[in-house]
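Q: Structure incoming, see below.
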């Protein structure tokens with residue numbers, strides 16, 4: 023008589039039990055993360071925005087669809103509030119990438135602050151193989167005085183003078199030491215810091231502190247910026263290398 027171990031029903035049952043255990047564990051972890059995120063958000067006095075993908079407040083996300091596919095429609099969650107004197111928006115964005123038979127999600131976590139609408143588009147991102155090839159083919163980016171920053175960062179700007187005023191010597195020193203793989207963008211009335219990956223409770227304080235520190239390096243004189251007009255008193259003081 024064949025033993026019970028030889029029964030064809032045992033392997034499917036074992037697989038079912040394993041899968042059930044994994045599902046329960048995943049649900050518990052998600053519940054724990056949601057509770058921790060709620061605690062962190064409450065501690066920081068941030069307010070959750072319902073259905074951010076339908077909220078006009080975040081229309082600016084559509085201006086960077088080349089990076090955040092689906093634009094505003096890809097927003098999963100959002101919180102707004104005040105942090106160290108700054109009005110902040112904390113976002114989580116997701117879009118789908120399909121290649122052949124595989125499909126996966128791409129997540130981004132973002133912190134943004136409002137800036138003058140007159141500020142032109144500016145993007146700082148890490149150099150990579152593609153951007154280095156582009157440079158060799160003659161597609162130059164904006165250069166700053168720190169060659170280490172020029173080597174590690176790709177700077178794209180609609181207005182080169184604005185970029186050079188924005189990226190102060192102090193900010194260049196910060197960029198030299200920055201370990202995180204981030205993208206900084208000025209677009210459509212926002213300055214934002216963006217990282218790849220889902221937003222976890224431990225990321226919230228870090229992103230807000232990062233934004234507060236960087237925002238403090240932006241010259242206050244740029245508040246008066248207008249396209250094509252240098253509205254800065256004693257502009258020689260703010261040329262690269264002379265900013266105080």
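Residue numbers (the working numbering): 23 to 266. Note that beta-carbon positions come from the ideal geometry of N, C-alpha and C, so glycine has one too. Here the structure is a predicted model, which means the values were calculated and not measured.
Could you give the distance in angstroms between the alpha-carbon of residue 125 and the alpha-carbon of residue 96?
A: Each residue's Cα considered, the two are about 16 Å apart.
Q: Along the beta strand (DSSP E) that carries residue 103, what are the first and last residues, could you check?
A: Its beta strand (DSSP E) spans residues 97-105.
Q: Residue 214 and residue 112 look like a contact to me (Cβ under 8 Å); what is the Cβ gap, rounded to whole Å?
A: With 8 Å as the limit, residue 214 and residue 112 do not qualify as a contact, their Cβ atoms being about 10 Å apart.
Q: Heavy atom of the ligand ADP less than 7 Å from the Cβ of residue 169, yes or no?
A: What this structure holds is no ligand at all, so the ligand ADP is not there to describe.
Q: Is it the case that the Cβ atoms of residue 19 and residue 241 are separated by a distance below 8 Å?
A: Only positions 23 to 266 of the chain appear in this structure, which leaves residue 19 out of reach.
Q: Exposed or buried, residue 118, counting other C-beta atoms within 10 Å across all chains shown (16 or more means buried)?
A: Exposed is the call here.
Q: Counting along the chain, where does the alpha helix (DSSP H) carrying residue 234 start and finish?
A: Element bounds for residue 234: 223-237.
Q: For the beta strand (DSSP E) that contains residue 134, what are its first and last residues?
A: Run containing residue 134: 124-136, per the beta strand (DSSP E) assignment.
Q: Scan the stretch 50-74 and note each continuous alpha helix (DSSP H) run of 4 residues or more that stays entirely inside, going in chain order.
A: DSSP runs (the alpha helix (DSSP H)) wholly in the stretch 50-74: none.
Q: Within the same chain, show all residues whose beta-carbon is closer than 6 Å to that of residue 208, passing over the 5 residues directly before and after it, in chain order.
A: Excluding positions up to five away in sequence, the list reads 141, 144.
Q: Rounded to a whole number of angstroms, what is the C-alpha to C-alpha distance between residue 218 and residue 235?
A: Their Cα atoms are separated by approximately 20 Å.
Q: What would DSSP say about residue 76, mapped onto helix, strand or coil?
A: In this structure, residue 76 counts as helix in the three-state DSSP scheme.
Q: Is there contact here, the stretch 96-107 with the stretch 68-88, by at least three beta-carbon pairs under 8 Å?
A: As far as the Cβ criterion goes, the stretch 96-107 touches the stretch 68-88, which means the pair count is three or higher.
Q: Tell me the rounded alpha-carbon separation between residue 33 and residue 106.
A: Cα to Cα, the separation comes out at about 58 Å.
Q: Following the continuous alpha helix (DSSP H) through residue 170, name the residue where it begins and the one where it ends.
A: Segment 169-174, the alpha helix (DSSP H) holding residue 170.
Q: In terms of residues, what are the limits of the beta strand (DSSP E) holding residue 108?
A: Residue 108 -> beta strand (DSSP E) spans 108-121.
Q: Note down the Cα distance separating residue 239 from residue 184, rounded to an integer number of angstroms.
A: Going by the C-alpha atoms only, they are around 14 Å apart.
Q: Can you check whether the CB of residue 108 is closer than 8 Å to the CB of residue 233?
A: Result yes, Cβ atoms of residue 233 and residue 108 sit closer than 8 Å.
Q: Of the residues 71, 138, 170, 137, which one's Cα is nearest the Cα of residue 114?
A: Nearest of 71, 138, 170, 137 to residue 114, Cα basis: 71.
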